[in-house]
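Each protein sequence line maps, in turn, to chains A and B. Using our numbering, the first residue of the first sequence is number -7, and each one after it goes up by one. Using our numbering, the first residue of the second sequence is number -2, and each one after it goes up by one. Just so you know, even glycine gets a beta-carbon here, dropped at the ideal spot from N, CA and C. Okay, so here's the structure we're looking at.
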Amino acid sequence: EPEVTQTPSHQVTQMGQEVILRCVPISNHLYFYWYRQILGQKVEFLVSFYNNEISEKSEIFDDQFSVERPDGSNFTLKIRSTKLEDSAMYFCASKGGRRDEQFFGPGTRLTVL
Amino acid sequence: QKEVEQNSGPLSVPEGAIASLNCTYSDRGSQSFFWYRQYSGKSPELIMSIYSNGDKEDGRFTAQLNKASQYVSLLIRDSQPSDSATYLCAVKNYGQNFVFGPGTRLSVLP
C-alpha cells in the first residue's frame, strides 16, 4: 500500500541553523501539507501546496519557513533560522484529487538546542 | 477562531466494551470530518471519514455526524487493548487544511 515517507526521522540542530525536512508524498497525490505537533499539544496546520504553489498557510508559517517541490517526488520544508520553540514533530501529509482524506507520513522529530 | 473540542480523557473501557468518543466543532460551514488514531510518538493514522449527516460504519468503527448540533462521534465496538491510543478529531472547512482537536486518550483494559 502506498505511503508517505519522511526523512530524517530525527533531526537535532543548534538554534539559528537552517534545517530541511524531506517528504515523499503518495505518488498520484496532488495536494501536499505540512503540520507540526509540539509535544503534548494539538496537531497544527502549517501550509498546503498544490500545483507548485502555496495554497494556504497558517500564522505559524512565517518568513522563516518555506516549502518547495524540487522534483517530481520530493516535498520539502525549510526552516531558515531555527528557534527553540520550533522543536516539534513535523508531519507531511498528502491527498489525492477527489476525496478529502489526508494521509500522514511518520514524521520528523526536530530538536533545537 | 475555528475550534474543535474533545474531552482529553483518559477514557477507560474494559476489553470487549463499546468506546464512545465525542467531538464538537465551532464552524458551521465545516464540510468534512475525520477520525485519526495516534499511538504515542507516532503519526496520525486515518480511521474514518464522514461527510454527511448520519452514521457510517466500517468494521468495528462507526462514525456519527450531526451537523445541526455541530457534533461528530466515533464508536468502537468490541474494544481491544490494541485500540488504546489517542483519537484525534479533524475538521475540514472551506480551505484545504484540517483543524485538529486536542485528542481523547483511550485506554482499553484487559
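Reduced DSSP secondary structure (H/G/I, E/B, other) of residue i
| i | result |
| --- | --- |
| B:S46 | strand |
| B:D55 | strand |
| B:P7 | coil |
| B:S29 | strand |
| B:L18 | strand |
| A:E60 | strand |
| A:L76 | helix |
| B:S40 | coil |
Whole-angstrom distance between residue j and residue i, CA atom to CA atom
| i | j | result |
| --- | --- | --- |
| A:D78 | A:V104 | 7 Å |
| A:S86 | B:Y48 | 19 Å |
| A:V4 | B:G100 | 27 Å |
| B:N63 | B:D52 | 9 Å |
| B:Y78 | B:S104 | Correcting the residue identity first, residue 78 of chain B is Pro in this sequence and not Tyr. Distance between the alpha carbons of B:P78 and B:S104 is about 7 Å. |
| A:I46 | A:C84 | 14 Å |
| B:I44 | A:F53 | 28 Å |
Whole-number beta carbon distance between residue j and residue i, since they are thought to touch under 8 Å
| i | j | result |
| --- | --- | --- |
| B:C86 | B:Q3 | 5 Å |
| A:V(-4) | A:V16 | 7 Å |
| A:L31 | A:L69 | That belief does not hold up - the Cβ atoms of A:L31 and A:L69 are roughly 18 Å apart, past 8 Å. |
| A:Y82 | B:Q93 | Going by Cβ atoms, the distance from A:Y82 to B:Q93 rounds to 18 Å, so no, they are not a contact pair. |
| B:D75 | B:G13 | 6 Å |
Proximal residues of chain B, C-beta to C-beta of residue i below 9 Å
| i | result |
| --- | --- |
| A:S40 | G92, Q93 and N94 |
Interface residues of chain A facing residue i [CB-CB closer than 9 Å]
| i | result |
| --- | --- |
| B:S49 | By Cβ distance, chain A contributes nothing, its closest Cβ being about 13 Å from B:S49, past 9 Å. |
| B:S46 | R91, D92 and E93 |
Neighbouring residues, chain B, relative to residue i (Cβ below 8 Å)
| i | result |
| --- | --- |
| A:E48 | G92, Q93 and N94 |
| A:P98 | K39 and S40 |
Contact list for residue i against chain A, beta-carbon separation under 8 Å
| i | result |
| --- | --- |
| B:K64 | What B:K64 touches in chain A: nothing, since even the nearest Cβ is about 15 Å away. |
Under 7 Å (Cβ pairs) to chain B, residues found in the stretch 81 to 96 of chain A: F83, D92, E93, Q94, F95 and F96
Could you run through the stretch 23 to 38 of chain A and flag, in chain order, every residue whose CB is less than 9 Å away from some CB of chain B? Y23, Y25, Y27, Q29, Q33, K34, V35, E36, F37 and L38
Residues in the stretch 66 to 82 of chain A having any Cβ partner in chain B nearer than 7 Å: none
Interface residues of the stretch 12 to 31 of chain B facing chain A [CB-CB below 9 Å]: Q28, S29 and F31
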